Structures are given as structure tokens and as C-alpha cells.
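When the letters of the sequence shown are read in order and numbered with my numbering, they come out as residues 1474 to 1770.
In this text, a Cβ means the ideal position worked out from N, Cα and C, and glycines have one as well.
None of the values given here were measured: they were computed from a predicted structure.
Contents: one structure, followed by commentary.
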Amino acid sequence: MTPPFLQHNDEIRIVSPSGFVEPALIDGAEHVLKSWGLDVTVGKYACEKHGRFAGTSEQRTEDLQAALDDANVKAIFCSRGGYGLAQIVDKLKFHEFIHHPKWIVGFSDITALHNAVSRLGVSSLHAIMAKHLMELPYDSQPVTQLHHILFGELPAYTIPSHVLNKGGEARGRLVGGNLSVLMGLRGTPFDLEYDNNILFIEDVGEKPYHIDRMMQNLRLSGVLNKISGLVVGQFSHLEDDPLMMMTTYEVIYNVVTDYDIPVCFDFPVGHVDENLPLIVNAEVCLNVSDERVLLMF
1474 MTPPFLQHND
1484 EIRIVSPSGF
1494 VEPALIDGAE
1504 HVLKSWGLDV
1514 TVGKYACEKH
1524 GRFAGTSEQR
1534 TEDLQAALDD
1544 ANVKAIFCSR
1554 GGYGLAQIVD
1564 KLKFHEFIHH
1574 PKWIVGFSDI
1584 TALHNAVSRL
1594 GVSSLHAIMA
1604 KHLMELPYDS
1614 QPVTQLHHIL
1624 FGELPAYTIP
1634 SHVLNKGGEA
1644 RGRLVGGNLS
1654 VLMGLRGTPF
1664 DLEYDNNILF
1674 IEDVGEKPYH
1684 IDRMMQNLRL
1694 SGVLNKISGL
1704 VVGQFSHLED
1714 DPLMMMTTYE
1724 VIYNVVTDYD
1734 IPVCFDFPVG
1744 HVDENLPLIV
1754 NAEVCLNVSD
1764 ERVLLMF
């Protein structure tokens, strides 16, 4: 199920379900979103601070639940990631959301929320958040593509080939997000459905052996036998780990090399400036050739 695309004067709600965010970043994002012709409202506790979190778990739950339930809200725009959704995702109710589906926008820790609505069959947007609207140029591709998608223009991304790519073509629903968050949800009601789907992964600040351990989980649990394709995004701000004797991409390639699925490396998604928006739970075609990679929605 694809939520309705936005129209001018639609209401979009900024909430902070995870980490604390500077209020000035929310103010700036509100200005940008209003320039798109949207009516922007801000969650009651979006600017709260409770240690590393944007308010207590009760406050964050209340704000997010209110946005999910409000039929007038056509999109929920997360202010930032960080950590916190694992504490509250099981407390959320989606009855009203199913009757009035809306776009949920965010990445990183917001992967947990994408998983939850993906299990309900609803698409969402793995994309930049409120803080990034203030940090990126107004005409940068992550900003302009987000604008286009929200208003109904679906993307087709073409990127250069990578030496580690495995060629082929696959079709399926696009699922995934931050690898560490995905691993934290394995074996829970918010784990993904992988059968015949295309998985995309990214991460930040991990050691290569941590990445290997998570990839081995996907191998040992049979996930890599189920998926029809793999999109490896950006793994940024990595800690040095010379004892692994491989780069992070080589670590991943070493795990997936024996599987007969197309795999592309270095896709521009993750904790980097060029973080292209991806529609989670959408049907996509992934074509990996010697010359280029095409991901088409």
C-alpha cells in the first residue's frame, strides 16, 4: 500500500522519536518544508531533552502516536535518528494509521519504524530528516529527490559499477535500512519479511568485524537464501580494524559471493551527504551490469 502523495497545503508533522535534536534545526526544517507549500506542525515534545533522547519514552510515544492517528497529517517527518525507537515501537498502535496511511520519512534509527509499517504492507521513505534539510544545499539531490517523491515523482537511479558487484537482474519489494538496527530487531515481531525481496543495508561507526558478524547472521539464518538481490550502501566513519585484512566492502563480498543474486556496492544511501531517498516496501527492479547499476521504482 502506497500512502497518498502530497498536495500543496497538506499537513506534515515533525516529530522526534529517537535522539535529542537542537530546536534550531527543527525551526529551519519547518521553513524549508513550508517553502514546498506544506502546512508544517511540530510535535508537542519534539524539542524535549531527556539525556540522549528527545524526551522520555512516554513523551516520544505520545507524540508519534498522535501523528500516526491524526487523519489530517499526510506525512510524518522525523527530526533525526540516534537511538530510541526500540524502546517504544512495540507500544505504538497502527489501527488509525492503516485507515489513513501517511508517509513516514527518516533513516538510521528510524529503520525500526520502517520495519513496523513494512510488516503492515505500507510503504515509507528512507530519506534525510529535518536536521539534514538545514545541513545540505537546497538544490542537492537528496533534498530535491525527497521533494519529488513526496509529490508523486518516482525515481530511477543510475550509478557507476563497482569492482565487487555481482551482475544480474532482480525484482521484488525493497526492504532494509541500517544494518545494526535490523540486527537488533531480528527474532522480534518487527523483523523483516525477506522472501523474494531486495535488501538494502548501510551503517555508520562500526568495525569491519562487527559488520562481518551481522552479515554472518544473515547467512546463518537463511536470509541470504531468501532475498532476490542486495544493495550495499555506504558504511561510513568506520573504526580501523587491520586484523580483518579486508575492507568493509570486501568483508560483505566474502559473505555473499556464493549466492546467485545481483549485488551492488557503494550505492549512495546512508550516513553521508549523498543519501538518496528510497521507498521502502515498494516494488523495484535492480539491474546490475558491468557498466552501471539501475534501481527503478
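Annotated three-state conformation of TYR1630 is strand, per DSSP. DSSP places ASN1651 within a strand segment (E or B) once states are collapsed to three. Ranked by how close their Cα comes to the Cα of LEU1637, the residues VAL1704, GLY1501, VAL1654 and TYR1630 have VAL1704 in first place. Residue pairing for LEU1767: DSSP places it in a beta bridge opposite THR1631 and ASN1760. The alpha-carbon of PHE1526 is positioned some 15 Å away from that of VAL1562. Within the segment 1477 to 1530, the runs of alpha helix (DSSP H) at least 4 residues long that lie entirely inside it are, in chain order, 1496 to 1508. Given a length threshold of 3 residues, each whole run of the beta strand (DSSP E) inside the segment 1701 to 1729 is given here in chain order: 1702 to 1709. Here DSSP, grouped into helix, strand and coil, assigns ILE1561 to coil.
The C-beta separation of GLY1743 from SER1709 comes to about 6 Å, placing the pair in contact by the 8 Å criterion.
In its chain, beyond the 5 residues on either side, PRO1750 have a beta carbon closer than 6 Å to the beta carbon of ILE1622. Proximity to GLY1579 across LEU1691, PHE1567, TYR1556 and LEU1565 peaks at TYR1556, based on C-alpha coordinates. Per DSSP, the continuous alpha helix (DSSP H) segment holding SER1591 begins and ends at 1584 to 1592. Remark: C-beta atoms of SER1552 and THR1475 do not approach each other more closely than 7 Å. ASP1542 sits away from LEU1511, with the two beta carbons spaced by 7 Å or more. In this structure, the beta-carbon distance from LEU1768 to TYR1630 falls below 7 Å. Each residue's CA atom was taken as its position, placing ILE1571 and GLN1538 some 13 Å apart.
Cβ atoms of LEU1565 and ALA1589 come within 8 Å of each other, at about 7 Å.
For ALA1548, there is no enclosing alpha helix (DSSP H); the residue is found in the beta strand (DSSP E) stretching over 1546 to 1551.
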